[in-house]
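Colleague: Before I ask anything, let me first share the structure, which is written out below as structure tokens.
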Amino acid sequence: MVRVVKVAAASELPDRGLTAVEADGEKIVLATTGDGGLYALQDRCSHADFTLSDGQILDGDRIECQYHGAKFDLKSGRAVALPAIRPVKTYDVRVDGDDVLVTLE
Ligand code: FES
Numbered sequence: 304m305v306r307v308v309k310v311a312a313a314s315e316l317p318d319r320g321l322t323a324v325e326a327d328g329e330k331i332v333l334a335t336t337g338d339g340g341l342y343a344l345q346d347r348c349s350h351a352d353f354t355l356s357d358g359q360i361l362d363g364d365r366i367e368c369q370y371h372g373a374k375f376d377l378k379s380g381r382a383v384a385l386p387a388i389r390p391v392k393t394y395d396v397r398v399d400g401d402d403v404l405v406t407l408e
């Protein structure tokens, strides 16, 4: 079943940074890239299950896990640097007014 869930207020997100949120029990990291980009990924690194929201955004719309340095493409969730080899789940995310809405399936 597809659900659209409000996870944050857009006005409270940093211009560039990572924000941990939760939607229906799913831990999600929102990534704002400073140039209007907004992405939502599962907040769990595919390498060893640590939280990605403790990491940082890199240029080129990538996120780096702070624990062992794996990197993922923010848009696709694809692993682009070891030690991760599996992708991270991504979610459709959009802003409606001040609501940040994530689609869960
Ligand atoms: S838990 Fe993320 S790189 Fe190891």
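Numbering (the numbering used here), first residue to last: 304 to 408.
Don't be surprised by glycine CBs; every beta carbon is placed ideally from N, CA and C.
These figures come from a predicted structure and were not determined experimentally.
Let's test the definition: count the other Cβ atoms within 10 Å of the Cβ of R365 and tell me whether it reaches 16, buried, or not, exposed.
Modeller: Counting Cβ neighbours within 10 Å, R365 comes out buried, since at least 16 surround it.
Colleague: Pull up the CB-CB distance for A326 and V308, whole angstroms please, since I reckon it's below 8 Å.
Modeller: Right, their Cβ atoms sit about 4 Å apart.
Colleague: Would you be able to state if there are at least three C-beta pairs under 8 Å between the segment 399-407 and the segment 310-322?
Modeller: Cβ pair count under 8 Å is three or more, so yes.
Colleague: When the distance is taken between beta carbons, is A351 closer than 8 Å to F344?
Modeller: Phe is not the amino acid found at residue 344; the sequence shown has Leu there. Taking 8 Å as the Cβ cut-off, L344 and A351 do not qualify as a contacting pair.
Colleague: My output table needs one value for A312: the three-state DSSP class, helix, strand or coil.
Modeller: In the structure shown, A312 sits in a strand (DSSP, three-state: E or B).
Colleague: Does the Cβ-Cβ distance between Y342 and K378 come in under 8 Å?
Modeller: Yes, the Cβ-Cβ distance between Y342 and K378 is below 8 Å.
Colleague: Taking the straight line between their C-alpha atoms, what separation do you get for G320 and G337?
Modeller: Distance between the alpha carbons of G320 and G337 is about 8 Å.
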